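Number of protein chains: 4
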Amino acid sequence: MTEVEMPGSNPVMMDTTAVKDGENYVINGQKWYSTAADGAAFSIVMAVTNPDAEPYLRASMIIVPTNTPGFNLVRNIPVMGHSGDDYASHGEILFQSCRVPQKNLLGPEGLGFVIAQERLGPGRIHHCMRWLGICKRAFDLMCSRASKRIIAPDGRALATKQIIQSWVAECAAEIQAARLMTLHAAWKIEKLGTKAARYDISFIKFYVAGVLQKVIDKALQVHGGMGMTDDTIIAYFYRHERAARIYDGADEVHKMAVAKRILRDYEGRTVR
Amino acid sequence: MTEVEMPGSNPVMMDTTAVKDGENYVINGQKWYSTAADGAAFSIVMAVTNPDAEPYLRASMIIVPTNTPGFNLVRNIPVMGHSGDDYASHGEILFQSCRVPQKNLLGPEGLGFVIAQERLGPGRIHHCMRWLGICKRAFDLMCSRASKRIIAPDGRALATKQIIQSWVAECAAEIQAARLMTLHAAWKIEKLGTKAARYDISFIKFYVAGVLQKVIDKALQVHGGMGMTDDTIIAYFYRHERAARIYDGADEVHKMAVAKRILRDYEGRTVR
Amino acid sequence: MTEVEMPGSNPVMMDTTAVKDGENYVINGQKWYSTAADGAAFSIVMAVTNPDAEPYLRASMIIVPTNTPGFNLVRNIPVMGHSGDDYASHGEILFQSCRVPQKNLLGPEGLGFVIAQERLGPGRIHHCMRWLGICKRAFDLMCSRASKRIIAPDGRALATKQIIQSWVAECAAEIQAARLMTLHAAWKIEKLGTKAARYDISFIKFYVAGVLQKVIDKALQVHGGMGMTDDTIIAYFYRHERAARIYDGADEVHKMAVAKRILRDYEGRTVR
Amino acid sequence: MTEVEMPGSNPVMMDTTAVKDGENYVINGQKWYSTAADGAAFSIVMAVTNPDAEPYLRASMIIVPTNTPGFNLVRNIPVMGHSGDDYASHGEILFQSCRVPQKNLLGPEGLGFVIAQERLGPGRIHHCMRWLGICKRAFDLMCSRASKRIIAPDGRALATKQIIQSWVAECAAEIQAARLMTLHAAWKIEKLGTKAARYDISFIKFYVAGVLQKVIDKALQVHGGMGMTDDTIIAYFYRHERAARIYDGADEVHKMAVAKRILRDYEGRTVR
Numbered sequence: 025m026t027e028v029e030m031p032g033s034n035p036v037m038m039d040t041t042a043v044k045d046g047e048n049y050v051i052n053g054q055k056w057y058s059t060a061a062d063g064a065a066f067s068i069v070m071a072v073t074n075p076d077a078e079p080y081l082r083a084s085m086i087i088v089p090t091n092t093p094g095f096n097l098v099r100n101i102p103v104m105g106h107s108g109d110d111y112a113s114h115g116e117i118l119f120q121s122c123r124v125p126q127k128n129l130l131g132p133e134g135l136g137f138v139i140a141q142e143r144l145g146p147g148r149i150h151h152c153m154r155w156l157g158i159c160k161r162a163f164d165l166m167c168s169r170a171s172k173r174i175i176a177p178d179g180r181a182l183a184t185k186q187i188i189q190s191w192v193a194e195c196a197a198e199i200q201a202a203r204l205m206t207l208h209a210a211w212k213i214e215k216l217g218t219k220a221a222r223y224d225i226s227f228i229k230f231y232v233a234g235v236l237q238k239v240i241d242k243a244l245q246v247h248g249g250m251g252m253t254d255d256t257i258i259a260y261f262y263r264h265e266r267a268a269r270i271y272d273g274a275d276e277v278h279k280m281a282v283a284k285r286i287l288r289d290y291e292g293r294t295v296r
Numbered sequence: 025m026t027e028v029e030m031p032g033s034n035p036v037m038m039d040t041t042a043v044k045d046g047e048n049y050v051i052n053g054q055k056w057y058s059t060a061a062d063g064a065a066f067s068i069v070m071a072v073t074n075p076d077a078e079p080y081l082r083a084s085m086i087i088v089p090t091n092t093p094g095f096n097l098v099r100n101i102p103v104m105g106h107s108g109d110d111y112a113s114h115g116e117i118l119f120q121s122c123r124v125p126q127k128n129l130l131g132p133e134g135l136g137f138v139i140a141q142e143r144l145g146p147g148r149i150h151h152c153m154r155w156l157g158i159c160k161r162a163f164d165l166m167c168s169r170a171s172k173r174i175i176a177p178d179g180r181a182l183a184t185k186q187i188i189q190s191w192v193a194e195c196a197a198e199i200q201a202a203r204l205m206t207l208h209a210a211w212k213i214e215k216l217g218t219k220a221a222r223y224d225i226s227f228i229k230f231y232v233a234g235v236l237q238k239v240i241d242k243a244l245q246v247h248g249g250m251g252m253t254d255d256t257i258i259a260y261f262y263r264h265e266r267a268a269r270i271y272d273g274a275d276e277v278h279k280m281a282v283a284k285r286i287l288r289d290y291e292g293r294t295v296r
Numbered sequence: 025m026t027e028v029e030m031p032g033s034n035p036v037m038m039d040t041t042a043v044k045d046g047e048n049y050v051i052n053g054q055k056w057y058s059t060a061a062d063g064a065a066f067s068i069v070m071a072v073t074n075p076d077a078e079p080y081l082r083a084s085m086i087i088v089p090t091n092t093p094g095f096n097l098v099r100n101i102p103v104m105g106h107s108g109d110d111y112a113s114h115g116e117i118l119f120q121s122c123r124v125p126q127k128n129l130l131g132p133e134g135l136g137f138v139i140a141q142e143r144l145g146p147g148r149i150h151h152c153m154r155w156l157g158i159c160k161r162a163f164d165l166m167c168s169r170a171s172k173r174i175i176a177p178d179g180r181a182l183a184t185k186q187i188i189q190s191w192v193a194e195c196a197a198e199i200q201a202a203r204l205m206t207l208h209a210a211w212k213i214e215k216l217g218t219k220a221a222r223y224d225i226s227f228i229k230f231y232v233a234g235v236l237q238k239v240i241d242k243a244l245q246v247h248g249g250m251g252m253t254d255d256t257i258i259a260y261f262y263r264h265e266r267a268a269r270i271y272d273g274a275d276e277v278h279k280m281a282v283a284k285r286i287l288r289d290y291e292g293r294t295v296r
Numbered sequence: 025m026t027e028v029e030m031p032g033s034n035p036v037m038m039d040t041t042a043v044k045d046g047e048n049y050v051i052n053g054q055k056w057y058s059t060a061a062d063g064a065a066f067s068i069v070m071a072v073t074n075p076d077a078e079p080y081l082r083a084s085m086i087i088v089p090t091n092t093p094g095f096n097l098v099r100n101i102p103v104m105g106h107s108g109d110d111y112a113s114h115g116e117i118l119f120q121s122c123r124v125p126q127k128n129l130l131g132p133e134g135l136g137f138v139i140a141q142e143r144l145g146p147g148r149i150h151h152c153m154r155w156l157g158i159c160k161r162a163f164d165l166m167c168s169r170a171s172k173r174i175i176a177p178d179g180r181a182l183a184t185k186q187i188i189q190s191w192v193a194e195c196a197a198e199i200q201a202a203r204l205m206t207l208h209a210a211w212k213i214e215k216l217g218t219k220a221a222r223y224d225i226s227f228i229k230f231y232v233a234g235v236l237q238k239v240i241d242k243a244l245q246v247h248g249g250m251g252m253t254d255d256t257i258i259a260y261f262y263r264h265e266r267a268a269r270i271y272d273g274a275d276e277v278h279k280m281a282v283a284k285r286i287l288r289d290y291e292g293r294t295v296r
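Residue numbers (our numbering), protein chains in the order written: chain A, 25 to 296; chain B, 25 to 296; chain C, 25 to 296; chain D, 25 to 296.
Pasting the structure below:
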């Protein structure tokens with residue numbers, strides 16, 4: 025269980041603190057969306073240890089066994105209708121003077137954000153790859169349903185309808201675009217490193233998430249009432265993949281980041 | 025519990041039959057999305073009684089007590105993660121030589137579709153009114169969250185962000201459009217009757233459903249991770265109101281219907 | 025010819041000045057988009073007369089005969105391929121120590137923006153009404169073309185295609201929405217005055233402009249190659265009505281303005 | 025000058041005919057969008073020579089010198105406000121018993137469509153490459169303008185606005201997607217031939233055209249009133265690149281074609 029702050033959080037807004045007291049850290053604060061907290065042996069807590077440092081050097085990662093006094097799992101947060109349990113859960117944790125030895129510090133003090141950032145680049149492209157798989161599955165289900173669903177006594181299927189065809193074509197093209205951009209970003213990470221591929225990763229983070237949402241939406245619509253049921257996996261995708269536009273940096277956060285970087289290059293330049 | 029066919033169904037595709045046998049009807053077939061079947065005392069079944077009549081005069085509505093032998097509630101269909109029960113459920117029903125007296129017929133034989141159609145016009149505008157209420161609530165939650173969520177140490181809220189502002193403005197304008205169109209359709213139903221307002225009802229059926237989906241989506245996005253949880257009602261709206269674009273005639277069915285009617289007026293006419 | 029600044033301009037950014045000298049104003053600065061400057065007898069110039077006043081009280085309107093020395097019509101600005109002339113032109117004007125009597129002042133000094141604002145509300149709804157007429161004409165041309173254009177030897181017209189039908193239905197619904205919102209804003213102006221209807225006017229300014237662009241785009245597409253030619257009026261609409269999203273306040277400016285006003289009401293309020 | 029029919033034309037709808045008479049063909053019919061007819065020495069005319077053959081084997085290509093009696097250039101068709109001349113024109117041609125020797129036939133009789141199709145694949149990817157160049161230029165102009173345009177007395181530029189930033193990010197991502205898809209199609213043409221890349225070409229034909237239109241639209245909006253003028257090239261792009269969604273097969277035609285091909289693979293297949 026890792027308790028980094030909510031994606032997109034401003035580090036200066038983090039309010040969980042770890043204050044040194046003798047050989048310990050005393051942790052106070054509240055966390056949520058602590059994935060798999062329920063049943064975990066320990067958590068990795070991100071907390072402000074150096075409040076006077078510059079923003080991205082204020083927080084540290086600290087290992088906290090879940091049976092430490094002051095570590096309180098308040099609840100498994102209900103997400104899209106289910107609280108889940110064990111690995112498939114997101115906990116809300118309250119730290120109340122929770123005391124752990126300073127040797128539980130992960131890496132150097134103040135470098136919590138640096139460590140998290142290391143993981144987020146590869147983490148994001150991993151999400152995109154997973155989304156591509158979901159796109160493909162939803163697309164397959166859409167095409168299959170359209171081909172099978174007979175809508176007229178002469179045996180004509182839904183697939184003969186022009187609107188369905190236009191969805192199929194658009195989804196196919198956009199999945200192709202998403203796949204090529206993800207491959208390109210992966211290639212760039214491999215050749216030039218995560219840092220050089222930073223904006224390629226931002227591109228796919230919001231672009232692929234957008235394609236994912238469109239494909240799932242159309243697949244659901246093609247299934248009609250059945251699309252709302254759990255008789256196919258589409259309704260599950262619809263509920264849970266909505267988070268794709270939020271976690272690991274909301275769409276809007278990534279758009280701002282890349283745009284600012286791109287626009288910087290045009291300052292003082294003349295373009296015709 | 026009323027068991028009309030799935031919205032948008034072609035009547036010639038209906039395959040539940042009610043065949044006369046002595047003083048009874050013998051009903052065979054399968055139905056799903058029979059709302060509130062679980063716990064109901066009786067159902068109203070739409071079945072083909074006149075297979076050789078013209079399509080919209082083939083089916084009748086028949087009252088079938090749920091304790092009649094051959095009436096089998098197979099399951100409550102799981103919808104968006106929950107099967108529900110009692111009133112809040114959608115049953116799959118299997119009719120196996122289910123025998124009821126012919127006097128259980130509702131209205132004249134063969135007029136099942138005519139009766140259903142009577143109800144669907146007012147039923148649709150009722151949905152639109154309900155959606156407007158949901159739009160308003162989701163909009164309120166979005167604006168409230170944007171105003172309260174502090175994103176910077178200087179106290180600036182999410183509401184100061186231009187992208188959030190553009191969503192607020194677009195949603196407000198589109199809710200206003202949806203409201204005025206619904207009021208106009210209601211006024212036309214009152215003044216000229218449901219039939220005269222048929223295309224106004226189709227307009228709002230797909231237009232308001234589209235606005236609903238957009239407003240809920242933006243409200244969820246403004247809430248970030250919290251929008252995925254059940255700590256607000258938005259995630260519930262997101263799951264269940266997706267059906268708005270499907271039931272009582274999918275968006276696409278209504279679009280085709282109004283377009284054909286509109287285009288008919290241009291045949292043979294010269295426009296400059 | 026009225027030379028207000030470009031729509032959306034920040035008054036503190038205005039750089040044309042009118043400085044008192046004896047009984048005259050001496051005007052210096054550059055203006056563009058001065059509609060109908062070519063051939064005009066006089067212009068109404070907005071210039072900074074009170075640079076130290078608060079922003080919206082800095083500028084005044086002054087009548088300047090076009091034959092005044094120092095009034096230079098540099099060119100008719102070419103717009104979408106044509107410079108136009110006379111009434112149908114937009115001039116670039118250079119004021120070089122252009123001297124006019126102070127009695128040419130229109131209204132009180134410093135109230136130029138106040139006067140302009142008075143006119144902009146009604147001016148904007150007038151644009152929306154005009155756009156509705158253009159929507160209707162483009163829609164008629166689209167439907168007529170779709171009905172007449174035979175695409176198969178069996179006599180089937182373009183109008184039988186589902187994609188065309190979905191455009192027709194969406195455009196019809198959105199034109200209806202645009203019309204009702206405009207009527208509502210007009211009613212509110214009449215009953216409660218321009219100020220009370222300020223945000224209703226902003227709504228229609230961007231909403232109707234958006235519908236206009238969509239309807240023209242679809243009408244053009246339905247016409248295929250012919251839509252690019254000047255054999256119908258659609259290509260003219262396509263070129264010139266693009267400005268609708270810019271003049272009298274760009275879409276984005278209106279969206280920000282209404283959103284800020286709406287969001288203000290949610291500050292400190294609890295919404296559930 | 026090549027006079028193939030309007031893109032998307034159904035060959036069975038072609039009505040220009042070339043009938044054998046002694047050693048000649050006698051050509052009758054009307055053509056439009058005959059690019060560069062004005063000033064050309066000869067034209068290549070597509071005409072029905074084998075009306076009873078199967079649809080795609082009915083037409084032939086024939087060389088017709090423009091000074092042949094019966095070859096009448098009716099006009100240069102005005103496109104987006106200008107008729108153009110010479111190379112930069114599109115002629116409307118009336119063939120009135122226009123007589124040319126049969127040896128002017130290009131390739132075998134009846135193979136006109138086959139020859140045209142050969143050219144259209146590479147022709148389409150060429151358009152996409154050109155559009156990518158236009159995207160890049162419009163994007164550069166947008167970013168440059170946003171960086172230079174000061175909107176507040178404190179020196180803040182338009183580029184600091186979040187809405188502009190979101191456009192920049194979205195356009196950049198979509199241009200990247202368009203570029204990678206075009207490269208991929210080119211690679212496939214080279215490795216496997218035009219026929220194997222047929223649907224890749226359809227994908228980029230509509231996808232890149234869509235990105236092009238979006239980028240030009242946003243670039244124009246960022247320029248405000250100046251975007252409507254011919255002081256930048258954007259207004260020219262806006263007018264003329266609108267045709268991208270029409271020529272060489274309208275978006276809708278390509279979408280139907282690829283969708284039908286994709287959906288065929290799902291017939292009779294079970295997907296879970």
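Cβ coordinates follow ideal geometry from the N, Cα and C atoms, glycine included.
Predicted, not measured: the structure shown is a model, and the values here were computed from it.
Listed in chain order, the beta strand (DSSP E) elements of length 3 or more contained wholly in the region 67-98 of chain D are 83-89. Each residue's CA atom was taken as its position, placing G115(B) and L97(B) some 6 Å apart. Residue range Q186 to L216 is occupied by the alpha helix (DSSP H) that includes R203(D). For the C-beta of V103(B), the chain A residues within less than 8 Å are, from N- to C-terminus, M252, T253, D254 and A259.
Selection L135(A), A196(A), T92(A) and A83(A) evaluated against I286(D) yields A196(A) as nearest (Cα-Cα). Cβ proximity to chain D below 7 Å picks out D164, L165, C167, S168, A170, S171 and A183 from the region 162-185 of chain A.
Using beta-carbon distances, G53(C) does not count as an interface residue toward chain D, since no partner is under 8 Å. Going by C-alpha positions, F227(A) is about 21 Å away from S168(D). Chain D places a beta carbon closer than 8 Å to that of K284(A), counting this residue as a contact.
In the assembly as shown, Q245(C) is a buried residue. Its beta-carbon has 16 or more other beta-carbons within 10 Å. In terms of beta-carbon proximity, A274(A) lines the interface with chain B, with at least one pair separated by less than 8 Å. Three or more pairs of CB atoms, one per stretch, sit closer than 8 Å, so the region 78-90 of chain D contacts the region 118-133 of chain D. Between R269(D) and A233(D), the beta carbon gap of about 5 Å places them in contact (Cβ cut-off 8 Å). By the criterion of a C-beta distance shorter than 8 Å, K229(C) is surrounded in its chain by R148, H151, C152, D272, G273, D275 and H278, once the five residues flanking it on both sides are discounted.
Taking C-beta separations shorter than 8 Å and ignoring five residues to either side along the sequence, the partners of E133(B) in its chain run T73, N74 and S84, following chain order. Put simply, the CB of I270(D) is far from chain B, with every gap to its CB atoms at 8 Å or more. For R123(D), there is no enclosing alpha helix (DSSP H); the enclosing beta strand (DSSP E) covers residues A112 to P125.
Between S113(C) and chain A, the shortest Cβ-Cβ separation is not below 8 Å.
Residues C122, R123 and V124 of the same chain have their beta carbon placed closer than 8 Å to that of T92(B), with the five preceding and five following residues left out of the count. Within the region 218-249 of chain B, contact with chain A at the beta-carbon level (separation under 8 Å) is assigned to L244, Q245, G248 and G249. Of the residues assessed, E214(C) falls on the exposed side of the cut-off, its CB having fewer than 16 other CB atoms within 10 angstroms.
Nearest to K127(B) by alpha-carbon distance, out of Y260(B), V235(B), L207(B) and D45(B), is D45(B).
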